[in-house]
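Just add 5 to wherever you are in the sequence shown, counting from 1, and you've got this note's numbering.
A virtual CB, placed ideally from N, CA and C, is assigned to each residue, including glycine.
Since the model is a prediction, treat every value here as computed from it, not as a measurement.
Data first, discussion second: the structure below is written as structure tokens.
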Amino acid sequence: MCGFVGVIFKNPDQAVDRSRLTAARDTLAHRGPDEHGLWANQGVGLAHRRLSVLDLKHGQQPMSDNRYSLVYNGEIYNFQELQETCKAKKLTIETSCDTEVLFKLLNADGLESLSHFNGMFAFAHWDTQTRTLLMARDRLGQKPLYWFKDEQCCVFASELKAILRFLERRLVLDPIAIDQYFARGYILSPRTIFKDIHKLPAGCSLTLNADSWEHAIASYWDYSPVEVPSDPGKAIDQLDELLSDAVRKRLISDVPFGCLLSGGIDSTLMTAMAAKTMGKGQLKTFSIGFDSDDPRFNELPYAKMTAEHHHCQWNSKVVELGDFLELVDDVSDYFDEPFANFAMFPMRRLAQLCREQLTVVLSGQGGDELSAGYEGRYNWAVATTDQKIKPSPMDHLSSYLSRSNLLPWAGAREAMYSSQMSQTLLKQVTGSTHVGEFWMRHQQFDTLNQALYADVKTNLPDYLVCVEERMTMAASLEARNPMLDYRVVNYMLSMPTSMKVRGNQFKWVLFELAKRYGPIEAIDRPKRGFTPPLGQWIVQAASQLGQMFNASQAS
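Structure follows, in structure tokens:
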């Protein structure tokens with residue numbers, strides 16, 4: 006796991022200001038405290054910060070040869086299999102790190118190689134001979150990538166702050182992004198809070214020709230339906246195999262490893278599968294509770310029960326009001342734009358707790374969006390499960406988005422009062438500005454799976470994964486998500502509603518799978534969110550929060 010920043014000048018004779026690039030790179034020191042590097046040549050500069058996880062002696066970046074250069078953030082989980090692919094292509098592999106595999110396959114096959122990578126990643130790959138930049142982001146958007154382009158240069162980075170530090174100029178706020186924030190609590194890709202800086206959407210590539218100065222963005226992945234056994238037991242068997250393999254692939258590491266454990270279904274499954282692979286007493290687990298009189302805000306007893314059941318080491322922390330007050334200013338430094346997800350506070354403390362002992366953790370992120378884990382969010386879709394949204398004008402999509410709670414704090418029609426915002430939502434959810442075109446391509450979706458798909462394309466990468474990624478990286482901690490293995494995503498989105506909701510049991514398929522591992526007392530209970538008792542804390546600390554707000558306004 007790492008962070009990078011780079012610049013491409015249209016004029017190859019333009020010298021790269023190494024001190025500016027170094028300063029921009031070092032705004033990402035939290036993403037990579039172990040090593041740093043910089044490469045510059047003919048109007049191009051690439052800089053990198055490394056968090057060493059695999060092959061600690063090798064894998065330094067930027068990685069380059071006489072023609073190509075690469076900066077990369079993430080993990081390629083099937084890199085060992087791809088080493089054999091490289092050998093078959095007569096490509097020399099000299100290390101045991103995934104960076105070299107990515108580098109060699111990109112050199113050989115360019116864009117065509119993207120379909121081979123199973124992992125979380127964002128990278129920038131430069132071809133000196135053709136003066137072409139290739140950037141890409143993983144299928145589910147687990148790793149971030151921002152970019153800026155004007156008439157003279159293109160700047161790209163793992164976080165907004167690195168681009169801002171390199172440019173050293175004032176930028177205009179994007180009013181459509183502000184619309185989105187107040188409607189949704191976050192800003193949809195490809196927009197950011199700044200009009201001229203963009204997020205590369207999940208599952209997309211960007212190609213820039215530095216001679217013509219033209220660029221193109223293309224989607225290289227979308228959901229692909231797979232066959233699911235009609236018998237529920239066999240379907241669960243197959244899901245068990247897929248998830249177990251996804252977990253095994255994510256346990257490869259040369260540094261200490263652990264698992265986030267809330268005590269809920271998803272984290273219980275990840276813990277059980279990892280513990281089964283690693284052996285009795287080998288897996289460290291980490292849990293957070295909240296200082297509150299309301300038992301709904303404390304899942305620590307269930308987390309402890311799960312850890313003991315699977316013979317894991319257990320570490321825990323209770324987050325208090327003082328932690329919240331301390332973190333109010335701290336967490337904002339890692340988002341760089343407006344973001345309203347209060348899970349950032351406990352996630353920050355949980356990541357810090359983990360980092361005291363290890364560098365890599367497994368997470369259960371994604372299970373709710375793939376199996377209908379939010380009853381209040383999806384119950385309307387279950388009630389109309391025999392319906393399919395037919396090709397229709399904007400009225401039907403706005404109604405769908407509103408009912409599915411994708412626009413939680415405003416009616417969809419009011420929130421999408423501008424045509425620009427309407428087009429952004431359509432493009433993000435459907436891959437097209439014509440909603441009918443998308444639904445014709447995915448006629449197998451019933452109403453619930455339409456809602457789940459929309460969440461996977463929007464809420465998951467830009468909101469839920471984002472908060473976990475930023476808060477773990479703030480602590481120099483790598484989080485891996487087996488649920489977001491694209492094979493698991495394809496399989497679970499292909500499951501019918503009858504395997505996701507049965508009676509009053511939402512998330513049925515994962516509930517049944519988790520029961521195979523236990524403990525049943527931790528699994529068979531009402532769902533709890535990863536949110537602190539903010540109402541209670543805000544009342545208790547109203548005056549302190551007011552003083553903090555006034556102080557920030559004055560500064």
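Best match in the options for proximity to residue i [C-alpha to C-alpha]
i, options, result
"Tyr307", "Trp319, Asp296, Asp298, Ser297", "Trp319"
"Glu156", "His220, Ser101, Asp298, Ser118", "His220"
"Asp70", "Leu61, Ala519, Asn46", "Asn46"
"Gln370", "Val260, Asp143, Pro487", "Pro487"
"Phe187", "Val366, Phe344, Leu247", "Phe344"
"Ile257", "Phe535, Cys102, Phe9", "Cys102"
"Glu483", "Leu355, Lys204, Leu539, Asn384", "Leu355"
"Ile192", "Met349, Asp467, Leu330", "Asp467"
"Leu75", "Glu40, Pro38, Met140", "Met140"
"Thr536", "Arg142, Tyr383, Asp296", "Asp296"
"Glu80", "Ala29, Asp259, Ala34, Arg533", "Asp259"
"Tyr77", "Gly284, Gln19, Gly8", "Gly8"
"Val233", "Asp227, Tyr225, Leu244", "Leu244"
"Thr349", "Leu116, Gln88, Leu332", "This sequence places Met at residue 349; Thr is not what is there. Among Leu116, Gln88, Leu332, the Cα nearest to that of Met349 is on Leu332."
"Leu185", "Pro501, Thr463, Gln510", "As written in the sequence, residue 185 is Gln, which differs from the Leu given in the question. The residue with the shortest Cα to Cα distance from Gln185 is Thr463."
"Val10", "Arg170, Thr137, Glu89", "Arg170"
"Gln541", "Lys505, Thr502, Leu96, Phe302", "Phe302"
"Gly37", "Arg196, Leu61, Phe511", "Leu61"
"His316", "Gly327, Gly286, Leu26", "Gly286"
"Val323", "Phe347, Pro351, Asp341", "Pro351"
"Leu111", "Ile181, Ser210, Ser194, Val58", "Ser210"
"Leu465", "Pro531, Gln549, Gln545, Asn346", "Asn346"
"Pro261", "Val472, Asp460, Trp513, Leu367", "Leu367"
Close beta carbons around residue i, own chain, < 7 Å, minus the five adjacent residues each side
i, result
"Pro524", "Met310, Thr311, His314"
"Leu266", "Ser272, Thr276, Thr290, Phe291, Ser292, Ala308, Thr311, Ala312"
"Met278", "Leu248, Ser249, Val252"
"Asp490", "Asn123, Ala251"
Residue i - partner residues in DSSP beta bridges
i, result
"Ser224", "Cys209"
"Arg492", "Paired residue(s): none; Arg492 is not in a bridge."
"His41", "Arg54"
"Gly263", "Lys289, Val366"
"Cys7", "Arg55"
"Glu1", "Within the shown structure, residues of the chain are numbered from 6 to 560, placing residue 1 beyond reach of any answer."
"Cys158", "Phe14"
"Val506", "Phe511"
"Met68", "Leu75"
Residue i: first and last residue of the uninterrupted alpha helix (DSSP H) it sits in
i, result
"Asp31", "23-31"
"Cys471", "470-479"
"Ala356", "349-360"
"Lys322", "Not the alpha helix (DSSP H): Lys322 falls in the beta strand (DSSP E), residues 318-324."
"Leu256", "Taken as a continuous stretch (DSSP letters only), Leu256 belongs to no alpha helix (DSSP H), as it is neither H nor E."
"Thr452", "452-462"
"Phe84", "84-93"
"Trp152", "Element bounds for Trp152: not the alpha helix (DSSP H) but the beta strand (DSSP E), 151-154."
"Thr282", "270-283"
"Glu526", "525-528"
"Tyr186", "180-189"
"Leu172", "165-172"
Residue range of the unbroken beta strand (DSSP E) whose run includes residue i
i, result
"Thr290", "289-295"
"Lys204", "202-204"
"Val76", "73-81"
"Asp132", "124-132"
Assigned secondary structure, residue i (DSSP; H/G/I helix, E/B strand, else coil)
i, result
"Gln370", "coil"
"Ala546", "coil"
"His53", "strand"
"His315", "coil"
"His63", "coil"
"Ser194", "coil"
"Ala388", "helix"
"Met310", "helix"
"Asn303", "coil"
"Thr634", "Summary: the structure shown does not reach residue 634, with the chain confined to residues 6 through 560, and so no result is reported for it."
"Ser118", "helix"
"Arg144", "coil"
"Gln541", "helix"
"Asn46", "strand"
"Leu138", "strand"
"Phe329", "helix"
"Glu219", "strand"
Proximity test, residue i beta-carbon vs the ligand FAD heavy atom, cut-off 7 Å
i, result
"Tyr522", "With respect to small molecules bound, the structure shown includes none, and the ligand FAD cannot be examined in it."
Proximity test, Cβ basis, 8 Å: residue i and chain D
i, result
"Glu89", "In summary, chain D is missing from the structure at hand, where a single protein chain is found."
Residues near residue i in its chain [Cβ-Cβ closer than 6 Å; skip 5 each side]
i, result
"Tyr422", "A caution first: Tyr422 carries a pLDDT of 36, below 50, which makes its placement in the model unreliable, though a value can still be read off. Answer for Tyr422: no residue qualifies."
"Lys200", "Val177, Asp179"
"Val12", "Gly50, Cys158, Val160"
Neighbourhood of residue i by C-beta, 8 Å cutoff - its chain only, sequence neighbours within 5 removed
i, result
"Gly208", "Arg142, Asp143, Arg144, Leu145, Gly146, Ser224, Tyr225, Trp226, Asp227"
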